[in-house]
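Under full-length UniProt numbering, residues 1 to 342 are what the sequence shown spells out, in order.
For reference, the structure discussed in these notes is given below.
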Amino acid sequence: MIKALLKQPLFMMGFLFVVILIAASFYYQFKYHNKLPQTTLLYDENGKLLGAPPFSPSEVPPFGTDRSGFNMGIKLLIGAKWTLGAAILIAFVRMGLAFILGLLYGNYLFRFKRIFTAIVDSLTVIPLTLFAYIVLSSVLVMDSFTSTFKYPLWERAGFEGLFLAVAVVPVVSVLIGNEIGTLYKNEYIDSARILGGSRLHLFCHHILPHLLPKLFVIFVQQIIQVMIIIGHLGFLGLLFGGTMKFQPGMALLSSTQEWAGLIGVNNNIQSISIYPWLVMGPIIMMTLGIIAFNFMLVGLQKALEANKVVKLKRGVRLEGTVNKDLRALEPFSFVTPRIDES
Numbered sequence: 001m002i003k004a005l006l007k008q009p010l011f012m013m014g015f016l017f018v019v020i021l022i023a024a025s026f027y028y029q030f031k032y033h034n035k036l037p038q039t040t041l042l043y044d045e046n047g048k049l050l051g052a053p054p055f056s057p058s059e060v061p062p063f064g065t066d067r068s069g070f071n072m073g074i075k076l077l078i079g080a081k082w083t084l085g086a087a088i089l090i091a092f093v094r095m096g097l098a099f100i101l102g103l104l105y106g107n108y109l110f111r112f113k114r115i116f117t118a119i120v121d122s123l124t125v126i127p128l129t130l131f132a133y134i135v136l137s138s139v140l141v142m143d144s145f146t147s148t149f150k151y152p153l154w155e156r157a158g159f160e161g162l163f164l165a166v167a168v169v170p171v172v173s174v175l176i177g178n179e180i181g182t183l184y185k186n187e188y189i190d191s192a193r194i195l196g197g198s199r200l201h202l203f204c205h206h207i208l209p210h211l212l213p214k215l216f217v218i219f220v221q222q223i224i225q226v227m228i229i230i231g232h233l234g235f236l237g238l239l240f241g242g243t244m245k246f247q248p249g250m251a252l253l254s255s256t257q258e259w260a261g262l263i264g265v266n267n268n269i270q271s272i273s274i275y276p277w278l279v280m281g282p283i284i285m286m287t288l289g290i291i292a293f294n295f296m297l298v299g300l301q302k303a304l305e306a307n308k309v310v311k312l313k314r315g316v317r318l319e320g321t322v323n324k325d326l327r328a329l330e331p332f333s334f335v336t337p338r339i340d341e342s
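What follows is the structure, encoded as structure tokens:
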């Protein structure tokens, strides 16, 4: 499976993009302690004043600066571990919880498939972004009068991550349970059960090998879904880790520099029309992150298809070898025993 993934250029492109960005973000944190370079005034080579912030990407590459002169490229680098890392971690927790519930459902409650599927289908109608905004706003938004948060950063980020993970667990658990229940209906499972295989043996040796590739596909899909939800919340001004707002009516500030938060901070007419790079930089990185995970998803699906083809060819080759050996045998005939007439 790993060899098949290494041969998929789309998967490798997306994987390397994500890994390099997260590694660079952590390296910058440990090496420079997330220090933000600031350009308050810009001069030419003759010492003539060119202007004050915010500076465009042509003046301060690659993404310009914000209104305070802080480098947007470094802010995006710092926020990479929060955006990509949080999406991966939330999806991992979601998959872990859903796998446990899906295991129980697929093994013991699959006969109630219609009921569970109907309940889950009704839950998908609920707008998750709106529901998350209502639940999380009281925890993530700073009190503008006291300029303080009710909870520290890690508690805010943990609560948001846990909520985003748990909110979709019923849907994912039924999806995994349906896969498990369907696999149990295969003929080779009946054969293994007749031969005395226990439920644990059947799951570990016959169900899990077929289920794991599908779990990886669902996992990448959940990462993409989490990134989209975080992007929606950031656009609405609910930033991952907390929204800093020191006075009523003042601009928002992100406490983690995550990409969706940088979009929400600059989500106003002035930023979009006069200083478009303040919004375009985070949007570009957010889009590239989602595309990278989509590349990984497509590459993973192609690797699974290639793996199935290889197994099928091996089966055909083995069947042909057996048939050839059988044809090489001499014709079989019954031998009539001789009866001694004497």
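Each residue gets a CB set at the ideal place from its N, CA and C atoms; glycine is no exception.
Residue i - containing alpha helix (DSSP H), residue span
{"i": "L49", "result": "From DSSP, L49 is part of no alpha helix (DSSP H) but of the beta strand (DSSP E) over 49 to 51."}
{"i": "F26", "result": "9 to 32"}
{"i": "L121", "result": "Position check: residue 121 holds Asp in this sequence, whereas Leu was assumed. Note, D121: alpha helix (DSSP H), 113 to 123."}
{"i": "S138", "result": "128 to 140"}
{"i": "K3", "result": "2 to 6"}
{"i": "V174", "result": "169 to 183"}
{"i": "R94", "result": "72 to 108"}
{"i": "V265", "result": "259 to 265"}
{"i": "residue 349", "result": "Past the edges of the chain, shown from 1 to 342, lies residue 349, and the structure says nothing about it."}
{"i": "F163", "result": "153 to 166"}
Outcome for residue i when other beta-carbon atoms lying within 10 angstroms are tallied against a minimum of 16
{"i": "R94", "result": "buried"}
{"i": "V19", "result": "exposed"}
{"i": "K3", "result": "exposed"}
{"i": "G14", "result": "buried"}
{"i": "S342", "result": "Low confidence applies here, because S342 scores a pLDDT of 47, under 50, leaving its location unreliable; read the following figure in that light. The residue in question, S342, is exposed, as its Cβ has fewer than 16 Cβ neighbours within 10 Å."}
{"i": "Q38", "result": "exposed"}
{"i": "Q8", "result": "buried"}
{"i": "F131", "result": "exposed"}
{"i": "Y275", "result": "buried"}
{"i": "V125", "result": "exposed"}
{"i": "P209", "result": "exposed"}
{"i": "G196", "result": "exposed"}
{"i": "K35", "result": "exposed"}
{"i": "S198", "result": "exposed"}
{"i": "I119", "result": "exposed"}
{"i": "T256", "result": "buried"}
{"i": "P54", "result": "buried"}
{"i": "W154", "result": "exposed"}
{"i": "I115", "result": "exposed"}
{"i": "P282", "result": "buried"}
{"i": "H206", "result": "buried"}
{"i": "N186", "result": "exposed"}
Check whether residue i and residue j have beta carbons under 8 Å apart
{"i": "L140", "j": "T65", "result": "no"}
{"i": "K113", "j": "G161", "result": "no"}
{"i": "G289", "j": "T148", "result": "no"}
{"i": "E179", "j": "K214", "result": "yes"}
{"i": "L297", "j": "Q225", "result": "no"}
{"i": "L77", "j": "S25", "result": "yes"}
{"i": "N267", "j": "F235", "result": "yes"}
{"i": "L211", "j": "L183", "result": "yes"}
{"i": "L128", "j": "I223", "result": "no"}
{"i": "A192", "j": "L5", "result": "no"}
{"i": "A23", "j": "L41", "result": "no"}
{"i": "I189", "j": "L202", "result": "yes"}
{"i": "G241", "j": "A167", "result": "no"}
{"i": "L123", "j": "V169", "result": "no"}
{"i": "S271", "j": "V279", "result": "yes"}
{"i": "A91", "j": "F219", "result": "yes"}
{"i": "M227", "j": "I263", "result": "no"}
Residues bridged to residue i [DSSP beta-bridge criterion]
{"i": "D143", "result": "T148"}
{"i": "L42", "result": "G51"}
Closer than 7 Å: residue i CB and nearest the ligand PLP heavy atom
{"i": "R67", "result": "No copy of the ligand PLP appears in this structure; indeed no ligand is present at all."}
Mind listing, in chain order, the continuous alpha helix (DSSP H) runs of no fewer than 4 residues lying wholly within the region 189 to 255? 199 to 202, 208 to 235
Tell me the start and end of each unbroken alpha helix (DSSP H) in the region 266 to 311 that is at least 4 residues and wholly inside, in chain order. 269 to 273
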